[in-house]
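Student: For the sequence shown, our numbering begins at 26 and goes up steadily by one.
For reference, the structure I am asking about is given below.
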Amino acid sequence: MSNRTLKQAIEDLRQAGQLVEIDEPIDPHLQAAEIQRRVYQAEGPAILYRRVVGSPFAMVSNLFGTIERTRYLFRHTLEAVRQLVTLKIDPQQAFKHPLKSLRSLPTARNMLPKKVRRGSVLSHQTSIDQLPQLTSWPDDGGPFITLPQVYTEDPNQPSLMNSNLGMYRIQLAGNEYQKNCEVGLHYQLHRGIGVHHAAAIQKNEPFRVNIFVGGNPAMTLAAVMPLPEGMSELMFAGALAGHRIEMISQPNRPAIYAQADFCITGTVDPNRLLPEGPFGDHLGYYSLAHDFPVLKVDAVYHRPDAIWPFTVVGRPPQEDTSFGKIIHEITGPIIPTVLPGVKEIHAVDAAGVHPLLLAIGSERYVPYAKQRTPQELLTTANAILGQGQLSLAKYLWIAAQEDEPALDCHDIPKFFQHILQRVDWKRDLHFQTRTTIDTLDYSGSGLNAGSKVVIAAAGPIRRELPREIPGDLSMPEEINKVRLVMPGLLVVSGLDYNTEDESRGLKCLTQLPDSHPVNQIPFIVVADDADFAADSLNNFLWVAFTRSNPAADLFGIGTFTNQKHWGCTGSLILDGRIKPHHAPPLIEDPAVTKSVDQLAAPGGPLHGLI
């Protein structure tokens, strides 16, 4: 039987041996977050913190810490949800497999949210300062809710079915917020809440918002689910929870989730923007303080046994990696129906999700051609970059399935090698300049502003990739480290960043002749520390794609421009160094690290877990 509340889910994990309880006082300021990061890295259990400094409420973290635990939480419903997705793809499956289809009918019924008059979440009231003041990184602007479920309804058609449930950043205190009266509401581009906010402004009506924390874990996953616009996340949550989501109706206000552990209800002040942030974010750097809407708090409700779930956002992989994996398992089969010609898409977690997309598509436009070239792939790439949050990508590498039918874009080294064997840098670089990128990405030219590049490769193998550094490779004297990350991909360091030089100190590389042996290696990344960047695949992906803006940071040997098309005859060079305008990286507080080390010492509650 599926769990209905967070408390039941925690008890479920306890009985399965997947929960550890800590009775020592834990400080929500930095200490709890460092525990979570280290337990996650150790693939440890969920952690229940019974005594939270400064708050009467318990906290829980790492609920989704492994993909296996995430599947376990939804073990009673996951297959039925997958079956519903299959039926949406091909309704004929209902006739081919009628017994499976009949079993999915209760799941479909659970997708209809249920209006109720009361719920346990309204049993008690508290204030913002009594909530766990979770602060994850030393330079965060204040405490944040890291697993919020922000609920709004369409002002033009307010109802449960015309609602949006999203995971948008909520700052509880700090900066210029009035204590207990205001919280910060940060949402990014292409988010459903923005549509509702715009409608409220157009109607000159108050924009009312409810923030839920806790409840059934299905509501947390639903808040990050990339559903089509107009489809209520409550429907998905009900299917995954195994029961109809109970929502308390309110006159002239959005409904309240009856089984939530907490609910903050309020109204966005249309005339008030305040700095929100900084905040340690999913790219591994701080997102800086910018003006965002302010929510005037009307009330803070909680259920009698309320528990505060949290996670930590930071350089991937973190706990939200499990969200990406389970979403791919559920929605992966439906991608070709949404984007015809697309076989598979991988938003690379280690590169911060949005910066780097890998994709496999069809190349069928000229099937009689003796040599395949990217044509349909370019149409497909435009479709991908026009799709919701995929449009925030900076780098899209796309390959033709026909060249290697077994290619898997989740096998990142194999995928890169496939592209690098076939790519023609004279032809296969396609830029979009002065466009939108992730709000949280500071590699571009301004907030939300940057560029994109599509690297599309199709056709036969053009080159064999060196599996070691060529013996006759003589690099310019400025280069102090040369490391081969994988066949065909080199990382170098030693070049100082020069803000006055258009090529930023890269001329010693870009002016090498086409005859130079380095051109045997098609892709070169310039890093601050080649040893660090080449030490692991995750390090390389993080350095290269979070610290670069394609139009500004791609260079090459033998570059040219022809009819506004840019390319190069030799190696492509990516500048993956930290630039002066970038946000600072996330670094732990040494004193907090020491305190967590003590908890992990023999006799401590975390001994053997981290």
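Glycine is no exception: its CB is placed at the ideal position from the N, C-alpha and C atoms.
As the structure is a computational prediction, the values presented were derived from the model and not from experiment.
If I measure Cβ to Cβ from residue 47 and keep anything under 6 angstroms in the same chain, skipping five residues before and after, which residues do I get?
Tutor: By 1-based counting over the sequence shown, the position of residue 47 is 22. Cβ neighbours of residue 47 beyond the five flanking positions: 74 and 630.
Student: Just to confirm the assignment, what range does the alpha helix (DSSP H) spanning residue 470 have?
Tutor: Looking up residue 470 in the sequence shown gives position 445. Per DSSP, residue 470 belongs to no alpha helix (DSSP H) and is neither H nor E.
Student: Quick one: does the C-beta of residue 339 sit closer than 7 angstroms to a heavy atom of the ligand PLP?
Tutor: This structure simply doesn't include the ligand PLP, nor any ligand for that matter.
Student: Check whether the Cβ atoms of residue 250 and residue 332 lie closer than 8 angstroms to each other.
Tutor: Looking up residue 250 in the sequence shown gives position 225. Looking up residue 332 in the sequence shown gives position 307. No, the pair does not count as a contact, with Cβ atoms beyond the cut-off.
Student: Please give me, in chain order, every unbroken run of the alpha helix (DSSP H) with length at least 4 that falls completely inside the region 359 to 420.
Tutor: 360 to 363 and 401 to 409
Student: Which same chain residues, not among the five before or five after residue 230, have their C-beta less than 8 angstroms away from its C-beta?
Tutor: Taking the first residue of the sequence shown as position 1, residue 230 is located at position 205. Within the same chain, residue 230 has close Cβ partners 180.
Student: Under 7 angstroms Cβ to Cβ from residue 493, same chain only, skipping five residues before and after it: list those, please.
Tutor: Within the sequence shown, numbered from 1, the residue matching residue 493 stands at position 468. Spatial neighbours of residue 493 in its own chain (CB-CB distance under 7 angstroms, excluding positions within 5 residues in sequence) are listed in chain order as 509.
Student: When you compare only the Cα positions, how much space is there between residue 116 and residue 358?
Tutor: In the sequence shown, residue 116 corresponds to position 91, counting from 1. In the sequence shown, residue 358 corresponds to position 333, counting from 1. In this prediction, residue 116 has a pLDDT of 48, which is less than 50 and means its spatial position is unreliable; what the coordinates show is noted afterwards. Their Cα atoms are separated by approximately 14 angstroms.
Student: Here's the rule: buried if 16 or more other CB atoms are within 10 angstroms of the residue's CB, otherwise exposed. What is residue 120?
Tutor: On the sequence shown, residue 120 is found 95 positions in, with the first residue counted as 1. Caution is warranted here: a pLDDT of 49 is assigned to residue 120, below 50, making its placement in the model unreliable, and the coordinate value is therefore given only provisionally. In this structure residue 120 is exposed. Its beta-carbon is surrounded by fewer than 16 other beta-carbon atoms within 10 angstroms.
Student: Please report the straight-line C-alpha distance between residue 594 and residue 93, rounded to a whole angstrom.
Tutor: The residue you call residue 594 lines up with position 569 of the sequence shown. The residue you call residue 93 lines up with position 68 of the sequence shown. If you take the alpha carbons of residue 594 and residue 93, they lie about 47 angstroms apart.
Student: Which class does residue 301 belong to by DSSP, given the choice of helix, strand or coil?
Tutor: What you label residue 301 is simply residue 276 of the sequence shown in a count that begins at 1. Residue state, collapsed to three classes: strand.
Student: Assign residue 127 to buried or exposed, taking buried as 16 or more other Cβ atoms, counted over all protein chains shown, within 10 Å of its Cβ.
Tutor: As a first step, residue 127 must be located in the sequence shown, where it is residue number 102. The predicted model places residue 127 with a pLDDT of 49, which falls under 50 and marks its position as unreliable, so this point remains unresolved.
Student: Just mark residue 204 as buried or exposed, buried being the case when its beta carbon has 16 or more other beta carbons within 10 Å.
Tutor: Walking along the sequence shown from the start, residue 204 turns up at place 179. Classification for residue 204: exposed.
Student: When you compare each of 275, 290, 35 and 271 to residue 282 by their alpha carbons, which one comes out closest?
Tutor: For the purposes of this step, residue 282 is taken as residue 257 along the sequence shown, with counting starting at 1. Of the listed residues, the one whose Cα sits closest to residue 282 is 271.
Student: If you pair each beta-carbon of the region 481 to 490 with each one of the region 325 to 344, do three or more pairs fall below 8 angstroms?
Tutor: no
Student: Which residues in the same chain have their Cβ closer than 7 angstroms to the Cβ of residue 133, if we skip the five residues on either side of it in sequence?
Tutor: Taking the first residue of the sequence shown as 1, we reach residue 133 at position 108. Residues 109 of the same chain have their beta carbon placed closer than 7 angstroms to that of residue 133, with the five preceding and five following residues left out of the count.
Student: Does the distance from the CB of residue 78 to the CB of residue 53 come in under 8 angstroms?
Tutor: Locating residue 78 in the sequence shown gives position 53, counting from the first residue. Locating residue 53 in the sequence shown gives position 28, counting from the first residue. Closer than 8 angstroms, so yes.
Student: So what does DSSP say about residue 424, is it helix, strand or coil?
Tutor: Looking up residue 424 in the sequence shown gives position 399. Residue state, collapsed to three classes: strand.
Student: Whole beta strand (DSSP E) runs in the region 518 to 566 with 3 or more residues, listed along the chain?
Tutor: Those beta strand (DSSP E) runs which fall completely within the region 518 to 566 and span 3+ residues are 548 to 551.
Student: Taking only the alpha-carbon atoms, compute the straight-line gap between residue 293 and residue 544 and give it to the nearest angstrom.
Tutor: Indexing the sequence shown from 1 puts residue 293 at position 268. Indexing the sequence shown from 1 puts residue 544 at position 519. One C-alpha to the other measures close to 56 angstroms.
Student: Rounded C-beta distance between residue 197 and residue 167? I'm assuming under 8 angstroms.
Tutor: Looking up residue 197 in the sequence shown gives position 172. Looking up residue 167 in the sequence shown gives position 142. Correct: roughly 6 angstroms between the Cβ atoms.
Student: Using alpha carbons as the reference points, say which of 582, 384, 583 and 269 lies closest to residue 139.
Tutor: Taking the sequence shown and counting its residues from 1, one reaches residue 139 at position 114. For the residues 582, 384, 583 and 269, the minimum Cα distance to residue 139 belongs to 269.
Student: Classify residue 626 as buried or exposed, calling it buried when 16 or more other Cβ atoms lie within 10 Å of its own Cβ.
Tutor: Locating residue 626 in the sequence shown gives position 601, where the first residue counts as 1. Residue 626 is exposed by the Cβ-count criterion.
Student: Given residue 584, which residues of its chain have a CB within under 6 angstroms of its CB, disregarding the five upstream and five downstream residues?
Tutor: As a position in the sequence shown, residue 584 is number 559, starting the count at 1. Excluding sequence neighbours, residue 584 sits near 593.
Student: When the Cα of residue 161 is compared with those of 406, 87 and 62, which residue comes out closest?
Tutor: Numbered from 1 along the sequence shown, position 136 holds the residue referred to as residue 161. It is 62 whose Cα lies nearest to the Cα of residue 161.
Student: Report the partner residues of residue 288 according to the DSSP bridge assignment.
Tutor: Within the sequence shown, residue 288 is the residue found at index 263, counting from 1. Beta bridge pairing from DSSP links residue 288 with 237 and 326.
Student: Spatial neighbours of residue 342 within its chain, please: CB distance less than 7 angstroms, with the 5 preceding and 5 following residues excluded, ordered by chain position.
Tutor: Position 317 of the sequence shown, counted from the first residue, corresponds to residue 342. Result list for residue 342: 374 and 375, in chain order.
Student: Beta-carbon separation of residue 355 and residue 106 under 8 angstroms?
Tutor: As a position in the sequence shown, residue 355 is number 330, starting the count at 1. As a position in the sequence shown, residue 106 is number 81, starting the count at 1. Yes, the pair counts as a contact, with Cβ atoms nearer than the cut-off.
Student: To which residues of the same chain is residue 183 closer than 8 angstroms at the C-beta, ignoring the five residues directly before and after it?
Tutor: Residue numbering aside, residue 183 sits at position 158 when the sequence shown is read from its first letter. Excluding sequence neighbours, residue 183 sits near 279.
Student: Where do the ends of the alpha helix (DSSP H) carrying residue 347 lie?
Tutor: One-based indexing of the sequence shown puts residue 347 at position 322. Note, residue 347: alpha helix (DSSP H), 345 to 356.
Student: Please name the residue or residues paired with residue 211 in a DSSP beta bridge.
Tutor: Here residue 211 refers to the residue found at position 186 when the sequence shown is read from its first residue. 194.
Student: State the DSSP-derived secondary structure class of residue 222, mapped to helix, strand or coil.
Tutor: If you number the sequence shown from 1, residue 222 lands on position 197. Note: residue 222 maps to helix in three-state DSSP.
Student: Spatial neighbours of residue 34 within its chain, please: C-beta separation below 8 angstroms, excluding the five flanking residues on both sides.
Tutor: Walking along the sequence shown from the start, residue 34 turns up at place 9. Same-chain partners within the cutoff: 28, 88, 98, 241 and 242.
Student: Kindly indicate which residue of 267, 200 and 143 has the alpha-carbon position closest to the one of residue 104.
Tutor: Looking up residue 104 in the sequence shown gives position 79. Per the Cα distances, 267.
Student: Where do the ends of the alpha helix (DSSP H) carrying residue 260 lie?
Tutor: On the sequence shown, position 235 is the one that residue 260 refers to. Counting along the chain, the alpha helix (DSSP H) containing residue 260 begins and ends at 258 to 266.
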